[in-house]
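Just so you know, we're using this note's numbering here: the sequence shown kicks off at 2 and counts up by one.
Right, one structure below, let's go through it.
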Amino acid sequence: MRPLTVEFLFMNSQKADSDLPRIGERSDAVLTWLFFGSGVGVSLATALMYVLLPLQFAPGMRLLLIGGSFALALVFLLTGWLMRDVRLERAVLIAGWAAVVLLTLVSVGLGQGVHAVALGFFSVVISAVVVLTSLRAGILMALVCSIVVGLLAVAEQYHWLPSEATTTSSPWVLHGISLWMLILSSVSVGALMVRELQHHLDLVRERQLRFRTLLRMAVNWYWEVDSQFRFVAISQDQSAAGDFTDAPFRNRIPWEIPELGISDQAMAQLRRNMEGRVAFSDVAGRRRDS
2 MRPLTVEFLF
12 MNSQKADSDL
22 PRIGERSDAV
32 LTWLFFGSGV
42 GVSLATALMY
52 VLLPLQFAPG
62 MRLLLIGGSF
72 ALALVFLLTG
82 WLMRDVRLER
92 AVLIAGWAAV
102 VLLTLVSVGL
112 GQGVHAVALG
122 FFSVVISAVV
132 VLTSLRAGIL
142 MALVCSIVVG
152 LLAVAEQYHW
162 LPSEATTTSS
172 PWVLHGISLW
182 MLILSSVSVG
192 ALMVRELQHH
202 LDLVRERQLR
212 FRTLLRMAVN
222 WYWEVDSQFR
232 FVAISQDQSA
242 AGDFTDAPFR
252 NRIPWEIPEL
262 GISDQAMAQL
272 RRNMEGRVAF
282 SDVAGRRRDS
């Protein structure tokens, strides 16, 4: 029997998860340009469309839609500017809800109800909120948008909407421009999601690399266990490993492996520490040489 002192390292998985970067905790100039810049551009383009196109609106609706579009552009501009002090998560929520209000207003103002192309932007906004804020916030927004669509359908059925806006030029112009802006918004939001996801994947890989580098510097051996405390891997310095193999230990929990050579008292304390998610070290074990 040759004594082998091993420093066992165990990390509380819940604490480790909370230390990981959360979506929306960073400010990035490119993200600001992609999302909020596109929001400002689409809002201003919408306002110009209502100004320049020869549309026939119900009384007062033209000014209401133009004013709403400029207001949404201002919301995107201010939230993008305030990202220096406000988390991206909150900024996206503010801009998202403002967009939902304006899109609803556009659907009513154009008198198109559930046939309005503007309602297609709901899916883009909801997707951005789910990825950049939280699933709960996205579900809430999706529920509100579903209610809006239902109310628009009822209003259209009972002719509660204002008369539908018409154009004296080619009828495809209004729908074509709206669809082009929808495509542009989808591309910008998609690029934003990819960049944000890549950023967090890079952070996770960097943390893992630092953690493993520290372990190689600090100890000859370390164990990795799953949520049920079963061994998934035992990594060791090959210069100290000899002919050691971790195969007999995989998918087994420490207190069921007498080959570890840990005393009953030490094993009982080890089990209490692991089940209680308490940090520990200096657990001495023994191995048999062949």
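Just so it is clear, CB atoms sit at the ideal spot from N, CA and C, and this is done for glycine as well.
Whole-angstrom C-beta distance between residue j and residue i, which should lie under 8 Å
{"i": "E325", "j": "G112", "result": "The chain is shown from 2 up to 291; residue 325 falls before or after that span and cannot be answered."}
{"i": "S179", "j": "V118", "result": "4 Å"}
{"i": "M50", "j": "G97", "result": "Between G97 and M50 the Cβ distance is about 22 Å, and since that is not below 8 Å, they are no contact."}
{"i": "S70", "j": "A100", "result": "About 11 Å separates the two Cβ atoms, so there is no contact after all."}
{"i": "V205", "j": "E157", "result": "Their Cβ separation, rounded to whole angstroms, is 48 Å, which puts V205 and E157 out of contact at 8 Å."}
{"i": "R272", "j": "N252", "result": "Rounded, the Cβ-Cβ distance is 17 Å, inconsistent with contact."}
{"i": "P249", "j": "E257", "result": "The Cβ separation is near 12 Å, so there is no contact."}
{"i": "L136", "j": "L89", "result": "Actually they do not touch by this definition, with Cβ atoms about 16 Å apart."}
{"i": "G40", "j": "F77", "result": "3 Å"}
{"i": "L175", "j": "L73", "result": "No, L175 and L73 are not in contact; Cβ-Cβ is about 18 Å, not under 8 Å."}
Local conformation of residue i per DSSP, three classes
{"i": "Q57", "result": "strand"}
{"i": "T134", "result": "coil"}
{"i": "N252", "result": "coil"}
{"i": "F281", "result": "coil"}
{"i": "Y159", "result": "coil"}
{"i": "S164", "result": "coil"}
{"i": "Q239", "result": "Low confidence applies to Q239: its pLDDT is 48, below 50, so where it sits in the model is not reliable, and the reading given next is rough at best. Helix at Q239."}
{"i": "Q209", "result": "helix"}
{"i": "I148", "result": "helix"}
{"i": "S264", "result": "coil"}
{"i": "I258", "result": "coil"}
{"i": "L111", "result": "coil"}
{"i": "R272", "result": "helix"}
{"i": "A119", "result": "helix"}
{"i": "R88", "result": "coil"}
Buried versus exposed call for residue i [16 or more other C-beta atoms within 10 Å across all chains shown]
{"i": "S1", "result": "Any question about residue 1 goes unanswered here, given that the chain covers just 2 to 291."}
{"i": "A154", "result": "exposed"}
{"i": "V93", "result": "buried"}
{"i": "S44", "result": "buried"}
{"i": "S189", "result": "buried"}
{"i": "L120", "result": "buried"}
{"i": "R23", "result": "Low confidence applies to R23: its pLDDT is 42, below 50, so where it sits in the model is not reliable enough to give any reading."}
{"i": "I263", "result": "buried"}
{"i": "V279", "result": "exposed"}
{"i": "A129", "result": "buried"}
{"i": "G68", "result": "exposed"}
{"i": "G277", "result": "exposed"}
{"i": "L202", "result": "exposed"}
Per DSSP, the bridge partner or partners of residue i
{"i": "A234", "result": "E225"}
Would the region 32-41 count as touching the region 55-70 if we require 3 or more Cβ pairs under 8 Å? Counting C-beta pairs with one atom in each stretch, the region 32-41 and the region 55-70 have fewer than three that are closer than 8 Å, which means they do not touch.
Any contact between the region 133-151 and the region 201-215? By contact I mean 3 or more CB pairs, one from each, below 8 Å. Under the 8 Å Cβ criterion, the region 133-151 does not count as touching the region 201-215, having fewer than three qualifying pairs.
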